[in-house]
Amino acid sequence: MQIRRYGDIHHDTGIVLNMYHELWIYTTGGRPIIPYLVIDQKRMKLKYQVAGIKKTDLNEMIKHGCIEYISAIENEQKYTFIAVTEGDVDRQREYVVGNLNNFKNKQEQYKNGEITLEELEKAEQSYNIARNEQRYSHCMIDPSQYIGISVFTMRYMSHNPPARVSYQAGMTKQALTTKDALRFDIRFDTGNKSIITTGVPISGTIGDKLIGLDEYGIGRNAIVGILPYGGKNQEDCIIMNKMSVDLGLFQYMVYHSYTVSIKTRKGMNEIIRIPDHQPQNAYKYRNLDPATGIIMEGAEVKLGDCLVGKMLETTVVTMEGGRQVHTKSLTDTSLYVKIGKEGIVDEVMESHSIQKSKLISIRLKEIKNVEEGDKFSSGYAQKGTTGLIIAPEDMPFVSDEYGELQLDILFNPHGMPSRMTVGKLIELHTGSLGLATGKRRNASAHMPYNYAEIAQELRELGYKENGLRTVYNGKTGLKMEAEIFVGPVFYQALPHLVKYKKQARGFGRKQNLTHQPIPGIRNDGGLRLGEMEKDLLVAYGCSYLLIERLCISSDAYNVVTCSCGQITHFDVHEMNYKCLICNRKGKTKDVTNMLDRSRVSYPIKLFIQTLAGAHVKIGMVAQNKCGIQN
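In this text, residue positions in the sequence shown follow the working numbering: the first is 1219, and each later residue adds one.
Below is the structure:
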């Protein structure tokens, strides 16, 4: 390992001594390796400190073996003991040296007869324990090496439960950023979402600057008041100020993309042109360029509007009088705006595919404000939807000797003890201090938080040290009895937007096989009643609601059954129903006692017919409303 540290062998070489005392040398490429600072175990100091090398001089540190690359396998070895911060190394050295000095002092005291032999032996035992403890071999260059990039940007990470930290790693990846960060100007992805304006957290981390979140933010600062209000912000659900929403708080932009190819092959040729249409359909083609048949940039399009006019020209060859006759026909194959993919035409690009066919890509943009149901999250994985957007005159407001303040977000205090997000309360305090001083606060991981110092700074600025403010009820104008925690908190907007999730329909297309409504919001499909929803209705005894949802409004099918229990066959020649088993017949409008009308689910009818095809006879028994068999 000493040879590797000084560059005599490649730094990527892995050296492992296994449990059988076999030395394994790994030289394969692609193994995950991490650089660590090397520690002089005798002096219990970082090697670059002993050698007198500047930490910023990376080349010199590698040259003198002050940095070593450790693989995942080497990290599990007994001789590898990694410290998180340089402070851990200093504390271990102080611990050993302190026990050594204490032992020496006890020896002097014992010689002078000031202490007993038992006290001396205890001091010696403590020193031996400290001396024989495993010492750090390496130290992380930065704590982000183990907490990851996403968690590295989490404010006051050390003051939150591990589960919250893990959840926030996922929330950071979901958070919406600006279009410039993801280069939407050169992309034609489907369903991209971005915030129009982002901010920089008042209580920020080192990771914000290193990763670039100061330039391309992933959220906004909002003035948050921790109080319930009207029952619309239970748990993590929030209430927002309509004035803040109208002024652009979390205003977002959604990009929709369409791509169409122009196919040309023998006998079939697609032509870009405005299709022939009836006068009543002229509005669909109003924004097409008459010269090209393609939508013009800047045009606002809605559901059903044409984006690219196309006509499929087919040539049919027939024989007439011993000669070939070529007949051409045109079919409309134009591209139209689909459900939920409306907006303003942002860009139109023409290119070619691998098959050398012409491609036309169209990108739409849609600017939207926050709606009730949109999902947000604080920097502590406290995600929740917008329960209510209140008019500014009904919103609680702050008014005390320190000034007046409008609240942007109301958060229920019940969400704090259940999630144990102490970091959010700390951000309220430090954020208020940052607003008062105009300076950002360092909220990086492993940074000590001294409440007494923060309280002292707030007190010197003339604020209450606990961060509480006097709040008035916006509806009644009366002063609230309890003082409220108020301060800026950095919130993230998540891509789960209610506009693209809500769905409803009264009627529409069905699947050919099952006769059930087609799924999917883009297809104007119906909402599925899942297995758990069905179980819920069963548990509450809602039998008629189950019949309505799972049969009448879904795939109801009228069948005529014979008295023998078999589904009858409709004879189109005789225009009556006929049982293929017992040959009973009945008219359509005159169903006798031998035949009975029933309404069943269409898959049941298919199931019975499938079994009949396999020579399995299943009969249907009709019952009246009282459950008595007919």
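All C-beta atoms in this analysis are idealised placements derived from N, C-alpha and C, irrespective of residue type, glycine included.
Legend entry - Distance, K1601 Cα to G1558 Cα: The alpha-carbon atoms of G1558 and K1601 are separated by roughly 25 Å.
Legend entry - Straight-line gap, A1440 to S1761 (C-alpha atoms, nearest Å): 48 Å
Inset, instruction - Name the residue from P1631, Y1313 and M1375 whose alpha carbon lies nearest to the alpha carbon of N1350. - result: Y1313
Inset, instruction - Please go through the same chain and pick out, in chain order, the residues whose beta-carbon is closer than 6 Å to the beta-carbon of S1547, but skip the five residues on each side of it. - result: Cβ within range, chain order: T1532.
Legend entry - Closest by C-alpha distance to P1508, when choosing among P1497, G1522 and P1493: Of the candidates P1497, G1522 and P1493, P1493 places its Cα closest to the Cα of P1508.
Legend entry - Cutoff 7 Å; reference I1644; Cβ partners in own chain excluding five residues on either side: Y1374, H1377 and Y1667
Inset, instruction - Apply the 10 Å Cβ neighbour rule to E1611 and answer buried if 16 or more other Cβ atoms are within range, or exposed otherwise. - result: exposed
Legend entry - Coil, strand or helix - D1398 by DSSP: helix
Inset, instruction - May I ask you to list the residues that DSSP assigns as paired with A1301? - result: The partner list for A1301 (beta bridge, DSSP) reads C1357.
Inset, instruction - Using only alpha-carbon positions, find the residue among G1724, E1339, I1627 and I1836 that is nearest to R1438. - result: Here the closest residue by C-alpha is I1627.
Legend entry - Three-state class that DSSP yields for V1234 in the structure shown: strand
Inset, instruction - Using a Cβ cut-off of 8 Å (strictly closer), state whether T1604 contacts chain B. - result: Protein chain content of the structure displayed is limited to a single chain, and chain B is not contained in it.
Legend entry - Nonlocal neighbours in the same chain, by C-beta distance under 6 Å from R1767, ignoring five residues either side: Around R1767, the same chain offers L1747 as residues with beta carbons nearer than 6 Å, after the five sequence neighbours per side are excluded.
Legend entry - For F1788 and I1826, the rounded distance between their alpha carbons: 16 Å
Inset, instruction - Could you please give the first and the last residue of the uninterrupted alpha helix (DSSP H) stretch that includes P1735? - result: Neither: P1735 is in no alpha helix (DSSP H) and is coded neither H nor E.
Inset, instruction - Put P1821 into one of helix, strand or coil per three-state DSSP. - result: P1821 falls in the helix class under three-state DSSP.
Legend entry - Assigned exposure category for D1753 - 16 Cβ within 10 Å defines buried: exposed
Inset, instruction - Mark Q1310 as exposed unless 16 or more other C-beta atoms lie within 10 angstroms of its C-beta, in which case mark it buried. - result: buried
Inset, instruction - Return the CA-CA distance between F1725 and L1745, expressed in angstroms with no decimal places. - result: If you take the alpha carbons of F1725 and L1745, they lie about 11 Å apart.
Inset, instruction - Check G1831 in the structure and name its three-state DSSP category. - result: helix
Inset, instruction - With distances taken Cα to Cα, identify the nearest neighbour of I1456 among D1564, S1819, I1444 and Q1573. - result: I1444
Inset, instruction - Please go through the same chain and pick out, in chain order, the residues whose beta-carbon is closer than 7 Å to the beta-carbon of A1269, but skip the five residues on each side of it. - result: H1282 and C1284
Inset, instruction - Answer yes or no: do I1736 and R1723 have a C-beta to C-beta separation smaller than 8 Å? - result: no
Legend entry - Touch test, the stretch 1412-1431 against the stretch 1659-1666, Cβ-Cβ under 8 Å, three pairs minimum: yes
Inset, instruction - Give the secondary structure of F1321 by DSSP, where H, G and I count as helix, E and B as strand, and everything else as coil. - result: helix
Inset, instruction - Have a look at T1536 and I1490 and give me their C-alpha separation to the nearest angstrom. - result: 27 Å
Legend entry - Same chain only: Cβ atoms within 7 Å of L1755, ignoring 5 sequence neighbours per side: Within the same chain, and ignoring the five residues on either side of L1755 in sequence, the residues whose Cβ sits closer than 7 Å to its Cβ are L1763 and L1764.
Inset, instruction - Run the proximity test for N1346: is its beta-carbon closer than 7 Å to any non-hydrogen atom belonging to the ligand MG? - result: In terms of ligand content, the structure shown is empty, and the ligand MG therefore cannot be addressed.
Legend entry - Local conformation of P1614 per DSSP, three classes: coil
Inset, instruction - Would you decide whether T1828 is buried or exposed? Buried here means 16 or more other CB atoms lie within 10 Å of its CB. - result: exposed
Inset, instruction - Give me the Cα-Cα distance between D1464 and N1587, rounded to the nearest whole angstrom. - result: 7 Å
Legend entry - Integer-rounded CB distance, given that Y1287 should sit under 8 Å from M1279: Actually they do not touch by this definition, with Cβ atoms about 12 Å apart.
Inset, instruction - Work out the CA separation of L1338 and Y1238 for me, nearest whole Å. - result: 41 Å
Inset, instruction - Assign K1528 to one of two classes, buried (16 or more other C-beta atoms within 10 Å of its C-beta) or exposed (fewer than that). - result: Around the beta carbon of K1528, 16 or more other beta carbons sit within 10 angstroms, so the residue counts as buried.
Inset, instruction - Specify, as a first and last residue, the run of the beta strand (DSSP E) that N1410 falls within. - result: N1410 to I1413
Inset, instruction - Would you identify the three-state DSSP class for Q1784, choosing helix, strand or coil? - result: coil
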